[in-house]
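Beneath this line is the structure, given in structure tokens, with notes to follow.
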Amino acid sequence: MNVAALKLACALATCLAIGVILPAGSATAADADNTAASYPSKPITMVVGYPPGGATDIIARLVADKLGQALHQPVIVENKAGAGSNIATDQVVRAQPDGYTLLVETIANATNMSIYKNLHYDSRKDLEPIVQFMASPSVLVVNPAVPAHNLKELIALAKSEPGKLSFASSGVGGSPHLAGEMLKLRAGIDMLHVPYKGATPALNDVLAGNVSLGFMTSLGALPHMQAGKLRPIAVASPHRLADLPDVPTMAEAGLPDFDVVSWNGLAAPSGTPKPIIDKLNKEVNSILAMPDVRQRLKSLGAEPVGGTPEAFKAYVNAEIEKWGVVARKANISLD
């Protein structure tokens, strides 16, 4: 039984249990107002698809704490790491769409759509985006031994010696891997992919010169760039970073529409009542405007985003489409 059918069966079972089947069109504006007014009446679970201590977990706990205060109910962060966040997502899409089980949706929910062969969910159909928390642009960096100081020189070098340059990633199918493959496709170059089990070992081997380059988060790479141990080539975002004002964007360097941004936000199971979605959206937007929250996000190399559920949904769908094209052209897949 698919997720949609399962939710329908649960809803019908609930109605039958109380001996009522509501006629179509019986819901009123007053019902919607009551739904939002009475929510939440018990603790909320916010599921994170990564272990405690990482950036996604830290941001989730920051928002959960503030959200719990605003809603006068505990918001409990539950870590369900594994399978590229698919375990956490499976749990949430199968939960009752009542606003009490939420997901910290990430870029993995977009990339996984094209990478994994046997997903049990569809992010576009089974999740209802609520609000985007943050965005953290990646930076294309090279080891200083690489004789290239800008994107044009790097592409020329790669073309002169096909397959000699290598790029590190945090693992097959992750955004740093897809970013490297997108660079290969867009620039018409050949590079060797070297996957690692996590961002830290990938960064360390670029620092050591064992791998030529990689797409790194500004948070992890910034101290090494400032120390001259990594050379920034370009920022993979629509605008330059305040911490790297002299580093051009990929578009400025010659490759337009080349954005590699880690992001996360809040999502609910599809079918969650709109008044609940809107209430959560309003509260989280207020949280993201708080000076202490903005400062904490900045310390993690992230920019607060916020916005409407519709804007977040459009962004997620665009990410699914973009990375799907790269995954198909690069023939990347996981079981």
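For the sequence shown, my numbering assigns the number 4 to the initial residue and increments by one for each residue that follows. Even for Gly, the Cβ is constructed at its ideal location relative to N, Cα and C.
In this structure, G231 lies away from A148, with their beta-carbon atoms at least 7 angstroms apart.
Beta-bridge annotation (DSSP): R127 is not paired with any residue. In terms of CA proximity to P43, Q72 leads the group A58, Q72, L65. In the three-state DSSP reduction, N267 falls in the strand class (E or B).
Within a 10 Å sphere around the beta-carbon of Q135 sit 16 or more other beta-carbons, which makes this residue buried.
Contact check for R299 against L65 passes: the beta carbons are separated by less than 7 angstroms. If you compare the alpha carbons of L195, Q99, T109 with that of N89, the shortest gap goes to T109. Minimum Cα-Cα distance from A151 among the listed residues P140, A237, L130 corresponds to A237. Taking C-alpha positions only, P248 is separated from M219 by approximately 17 angstroms. For S169, no alpha helix (DSSP H) segment is defined; the enclosing uninterrupted segment is the beta strand (DSSP E) at 169-172. For secondary structure counted as the alpha helix (DSSP H) over 4 or more consecutive residues, the region 39-98 holds these complete runs in sequence order: 58-74, 89-96. Exclusion of the five residues before and after D193 leaves A161, P165, G166, K187 as the residues of its chain whose Cβ lies within less than 8 angstroms of its Cβ. The beta carbon of E184 is closer than 6 angstroms to those of V329, A333 in its chain, skipping five residues each way along the sequence.
V107 sits in a strand when the DSSP states are folded into three classes. Apart from sequence neighbours up to five positions away, the residues of its chain that approach H196 with a beta-carbon distance below 7 angstroms are F170, S172, H180, G183, ordered along the chain. A98 places its beta carbon 7 angstroms or farther from that of P278.
The Cβ atoms of E81 and T48 lie closer than 7 angstroms to each other. DSSP places S215 in the coil class of the three-state scheme, outside both helix and strand. Distance from the CA atom of K128 to the CA atom of A138, rounded to whole angstroms, is 23 angstroms. Closest in alpha carbon position to V214, among P226, Q229, L233, is L233.
In the three-state reduction of the DSSP assignment, S139 falls in the strand class, which pools E and B. Listed in chain order, the non-local C-beta contacts of L258 below 6 angstroms within the same chain comprise R189, local neighbours out to five positions each way being set aside. Beyond the five residues adjoining it in sequence on each side, I79 comes within less than 8 angstroms, by CB distance, of P46, I47, T48, M49, A67 in the same chain, given in chain order. About 17 angstroms separates the beta carbon of F315 from that of G274, a gap too long to meet the 8 angstroms contact definition. One thing to note: V263 has its Cβ no nearer than 7 angstroms to the Cβ of A292. Around the beta carbon of T203, a 10 Å sphere encloses fewer than 16 other beta carbons of the protein chains shown; the residue is thus reported as exposed. Annotated as distal: L157 and A256, with beta-carbon spacing of 7 angstroms or more.
In the three-state DSSP reduction, P251 falls in the coil class, being neither helix nor strand. Residues V145, F170 of the same chain have their beta carbon placed closer than 6 angstroms to that of L216, with the five preceding and five following residues left out of the count. The C-alpha of S163 is placed about 49 angstroms away from the C-alpha of A271.
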